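One line per chain: the protein sequences are A and B, in this order.
Residues in the first sequence are numbered from 31 upward in steps of one, following our numbering.
Residues in the second sequence are numbered from 131 upward in steps of one, following our numbering.
Every residue, glycine too, gets a C-beta built ideally from N, C-alpha and C.
Values in this document were obtained by computation on a predicted structure and should not be read as measured data.
Written below as structure tokens is the structure these notes are about.
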Amino acid sequence: MANLVRQLGQRSLNVVIEAGGMVIFLLEGLALALVPPFRPRRLLQEIYQIGVKSTLIVMLTGAFTGMVMALQGYYTLKQYGSEGALGSAVALSLIREMGPVLTGIMVSARAGSAVTAEIGIMRITEQLDALDTMAVNPIQYVVMPKLLAGVIAVPFLTAIFDVVGILGGYLVGVVLLGVSSGSYFAGMVRSVVPLDVYGGIVKSLVFGLTIILVACYKGYYTQHGAEGVSKATNQTVVLSAVLILAWDYVLTSFFM
Amino acid sequence: MIKIVNLTKSFGGHKVLDGINLTMPTGQITVVIGKSGVGKSVLLKHIIGLLKPDSGQIIVDGQDISLLAGRQLRQFKRRFGVLFQGGALFDSLNVFENIAFPLREKTRLTEAEIAKRVRERLVQMSLTSEVETKFPDELSGGMKKRVALARAMIQEPEIMFYDEPVTGLDPPMTNTVFHLITKTHQESGYTALMVSHDIPEVFRVAHQVAMLHKGRIIAAGTSEEIQNHPDPMVQSFIRGEVDFLEG
Numbered sequence: 031m032a033n034l035v036r037q038l039g040q041r042s043l044n045v046v047i048e049a050g051g052m053v054i055f056l057l058e059g060l061a062l063a064l065v066p067p068f069r070p071r072r073l074l075q076e077i078y079q080i081g082v083k084s085t086l087i088v089m090l091t092g093a094f095t096g097m098v099m100a101l102q103g104y105y106t107l108k109q110y111g112s113e114g115a116l117g118s119a120v121a122l123s124l125i126r127e128m129g130p131v132l133t134g135i136m137v138s139a140r141a142g143s144a145v146t147a148e149i150g151i152m153r154i155t156e157q158l159d160a161l162d163t164m165a166v167n168p169i170q171y172v173v174m175p176k177l178l179a180g181v182i183a184v185p186f187l188t189a190i191f192d193v194v195g196i197l198g199g200y201l202v203g204v205v206l207l208g209v210s211s212g213s214y215f216a217g218m219v220r221s222v223v224p225l226d227v228y229g230g231i232v233k234s235l236v237f238g239l240t241i242i243l244v245a246c247y248k249g250y251y252t253q254h255g256a257e258g259v260s261k262a263t264n265q266t267v268v269l270s271a272v273l274i275l276a277w278d279y280v281l282t283s284f285f286m
Numbered sequence: 131m132i133k134i135v136n137l138t139k140s141f142g143g144h145k146v147l148d149g150i151n152l153t154m155p156t157g158q159i160t161v162v163i164g165k166s167g168v169g170k171s172v173l174l175k176h177i178i179g180l181l182k183p184d185s186g187q188i189i190v191d192g193q194d195i196s197l198l199a200g201r202q203l204r205q206f207k208r209r210f211g212v213l214f215q216g217g218a219l220f221d222s223l224n225v226f227e228n229i230a231f232p233l234r235e236k237t238r239l240t241e242a243e244i245a246k247r248v249r250e251r252l253v254q255m256s257l258t259s260e261v262e263t264k265f266p267d268e269l270s271g272g273m274k275k276r277v278a279l280a281r282a283m284i285q286e287p288e289i290m291f292y293d294e295p296v297t298g299l300d301p302p303m304t305n306t307v308f309h310l311i312t313k314t315h316q317e318s319g320y321t322a323l324m325v326s327h328d329i330p331e332v333f334r335v336a337h338q339v340a341m342l343h344k345g346r347i348i349a350a351g352t353s354e355e356i357q358n359h360p361d362p363m364v365q366s367f368i369r370g371e372v373d374f375l376e377g
């Protein structure tokens with residue numbers, strides 16, 4: 031019993047230590063964004079790697095999400111004779127919840143895992159040490175541009191997800207199931223208010239920062255060779271997904 | 131001159147360095163030998179500022195560098211170059227960009243001047259201009275080491291650190307790398323510290339050899355003195371005896 035309590039205490043302590051380490055890592059990364067040398071080219075490279083390269087998978091996910099929501103929504107609303115509200119149902123769900131959350135999870139799976147693997151390999155092959163010995167701060171050179179790129183790219187990806195999702199919903203609701211095009215868009219314009227959009231943007235900013243922070247942190251402190259990189263990559267995807275869902279609850283309750 | 135005074139370091143209660151004392155004379159190559167896992171790379175990482183000691187001093191030209199931080203530490207780092215065990219070339223950069231990296235980051239040289247210096251180093255390392263556009267994963271082990279040496283030397287450092295420079299190389303390439311180290315040292319006259327377990331090759335390049343065993347320097351002297359050292363541990367290591375290696 032005492033052993034169990036000790037183990038539980040140790041694990042709790044480890045969680046607190048890791049959370050504290052991550053906050054310090056984040057603050058250091060963000061503070062270094064204000065210190066020269068500035069490397070705009072590195073930032074553009076990371077926006078391309080994290081943002082542009084995730085566009086296709088985000089569009090695909092957005093399209094199918096919008097289509098499924100329209101399909102489900104249509105048959106539910108039809109029972110109450112409210113098919114005309116399909117547009118607003120699809121748009122509100124996407125902008126408030128599904129867009130930021132699913133974009134975050136897709137970016138975590140595609141770009142977050144890649145970031146961890148890249149930095150983890152740099153760690154185990156001493157590339158980070160090499161930067162350090164050349165008097166180049168590895169956090170400033172490697173981590174900081176990725177953090178900024180995550181904050182910049184994820185809101186844009188979320189917007190793309192939302193737009194493509196609404197078009198996917200249009201395809202199923204209007205083209206296949208016969209809802210009037212006018213009511214699909216009119217309902218959307220009536221029901222979506224600026225706070226919904228701001229809420230979606232804030233969520234996507236927070237998710238973007240969280241995903242890349244976790245990915246960079248796990249990669250930066252990778253140990254034990256290839257197996258360590260594999261483990262860190264796995265932890266990045268799982269932890270990011272859990273944190274996205276937890277943040278989503280906190281931010282939703284804040285905006286309600 | 132680099133002087134290490136009573137340096138200690140423990141990891142998780144295990145003492146890896148237990149009071150290291152060693153002096154590396156200016157302009158000479160000092161080689162620290164010892165079996166794998168004995169703490170040679172840990173010692174090197176302390177001197178290049180990647181690890182902080184639990185106690186002791188690392189004095190370079192009268193200054194304890196273990197106490198340096200921030201700008202002072204960055205300025206000290208500009209004085210040395212490091213050849214890492216695996217080369218530590220940046221995967222995302224080609225050979226030219228890897229060698230040019232320290233110049234682009236730390237100097238205000240024009241691209242033309244950078245290109246000139248990079249090509250001079252490539253020639254010095256007996257590498258053709260065709261490798262310039264290749265990425266690290268397209269290079270052989272020997273080529274990687276030579277490119278990494280070119281990068282480490284590009285800022286003409288006063289001090290060079292070599293971490294197992296020939297590990298994993300075949301005998302001809304081992305000779306090539308040692309030849310390049312000797313050649314660059316003769317040309318530049320830098321102070322060097324090498325950690326290696328490559329016996330007897332290291333005796334050819336070393337001005338001074340020190341043997342690390344169980345966290346302590348148990349012997350130090352010229353190559354000849356170490357080869358004739360009376361300590362059975364030293365002789366056992368040089369001869370590669372199995373009982374010692376497993377002990």
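Local Cβ density within 10 Å of residue i, reported as buried at 16 or more and exposed below that
i: Tyr250/A; result: buried
i: Thr91/A; result: buried
i: Glu376/B; result: Below a pLDDT of 50, predicted positions are generally treated as unreliable, and Glu376/B, at 49, falls in that range; the measurement from the model is reported next regardless. Under this definition Glu376/B is an exposed residue.
i: Ile47/A; result: exposed
i: Met286/A; result: exposed
i: Phe220/B; result: buried
i: Gln312/B; result: Residue identity check: residue 312/B is Thr in the sequence provided, not Gln. Exposed, by the Cβ-count rule.
i: Met31/A; result: exposed
i: Tyr105/A; result: exposed
i: Gln338/B; result: buried
i: Ser171/B; result: buried
i: Asp328/B; result: buried
i: Gly229/A; result: buried
i: Ala245/A; result: buried
i: His309/B; result: exposed
i: Phe210/B; result: buried
i: Gly199/A; result: buried
i: Tyr247/A; result: buried
i: Ser185/B; result: exposed
i: Phe284/A; result: exposed
i: Ile347/B; result: buried
i: Ile274/A; result: buried
i: Thr266/A; result: buried
i: Gln215/B; result: buried
i: Asn228/B; result: buried
i: Pro266/B; result: buried
Cβ-Cβ separation, residue j to residue i (assumed contact under 8 Å), whole Å
i: Val190/B; j: Ile132/B; result: 5 Å
i: Val145/A; j: Ile242/A; result: 6 Å
i: Val168/B; j: His343/B; result: 6 Å
i: Val194/A; j: Ala93/A; result: 5 Å
i: Lys4/A; j: Pro130/A; result: With chain A running from 31 to 286 in the structure shown, residue 4/A is simply not present.
i: Val212/B; j: Ala230/B; result: Not a contact, Cβ separation roughly 17 Å.
i: Ala293/B; j: Val335/B; result: The sequence shown places Asp at residue 293/B, rather than the Ala named in the question. That pair is no contact at about 15 Å.
i: Asp194/B; j: Gln202/B; result: At roughly 11 Å, the Cβ-Cβ gap does not stay under 8 Å, so Asp194/B and Gln202/B are not in contact.
i: Val296/B; j: Glu331/B; result: 7 Å
i: Val120/A; j: Met99/A; result: 5 Å
i: Ser238/A; j: Ala183/A; result: The amino acid at residue 238/A is misidentified as Ser; the sequence shows Gly. That belief holds up - the Cβ atoms of Gly238/A and Ala183/A are roughly 7 Å apart, short of 8 Å.
i: Leu177/A; j: Leu60/A; result: 7 Å
i: Leu122/A; j: Gly96/A; result: Wrong, their Cβ atoms sit about 12 Å apart, outside the cutoff.
i: Val277/B; j: Gly217/B; result: 7 Å
For residue i, the residue or residues it bridges with in DSSP
i: Asp293/B; result: Val325/B
i: Lys145/B; result: Ser140/B
i: Val190/B; result: Ile132/B and Gln193/B
i: Arg346/B; result: His343/B
i: Met154/B; result: Ile132/B
i: Val162/B; result: Val325/B and Ala340/B
i: Ser185/B; result: Thr138/B
i: Gly370/B; result: For Gly370/B, which the question treats as bridged, DSSP gives no partner whatsoever.
i: Gly351/B; result: Val339/B
Residue i Cβ short of 7 Å to the ligand ATP heavy atom set
i: Gly319/B; result: Absence of the ligand ATP is noted for the structure shown, with no ligands found whatsoever.
Cβ-based contacts, 8 Å cut-off: residues of the stretch 223–247 of chain B near chain A: Phe231, Pro232, Glu235 and Lys236
Which ranges does the beta strand (DSSP E) cover as unbroken runs of at least 3 residues, wholly within the stretch 198–257 of chain B, from first to last along the chain? 210–213
Along the stretch 196–216 of chain B, what residues have a CB closer than 9 Å to any CB found in chain A? Leu203, Arg204, Gln205, Phe206, Lys207, Arg208, Phe210, Gly211, Val212, Phe214, Gln215 and Gly216
Chain-ordered residues of the stretch 156–179 of chain A with a beta carbon less than 9 Å from chain B: Within the stretch 156–179 of chain A, those residues whose Cβ lies closer than 9 Å to any Cβ of chain B are, in chain order, Glu156, Gln157, Leu158, Asp159, Ala160, Leu161, Asp162, Thr163, Met164, Ala165, Val166, Asn167 and Tyr171.
Ranges of the alpha helix (DSSP H) found wholly within the stretch 182–266 of chain A, counting only runs of at least 4: 211–221 and 224–250
Taking a cut of 8 Å between CB atoms, which residues from the stretch 311–330 of chain B lie near chain A? Of all residues in the stretch 311–330 of chain B, none has a C-beta nearer than 8 Å to a C-beta of chain A.
Contact residues within the stretch 175–191 of chain B, judged by C-beta distance below 7 Å to chain A: Ile178 and Leu180
In the stretch 329–355 of chain B, which residues sit with their C-beta less than 8 Å from some C-beta in chain A, listed in chain order? Of all residues in the stretch 329–355 of chain B, none has a Cβ within less than 8 Å of some Cβ in chain A.
In the stretch 90–148 of chain A, which residue ranges form an unbroken alpha helix (DSSP H) of at least 4 residues, counting only runs that do not cross its ends? 116–123 and 129–137
Whole runs of the alpha helix (DSSP H) within the stretch 153–177 of chain A, excluding any shorter than 4 residues: 157–163
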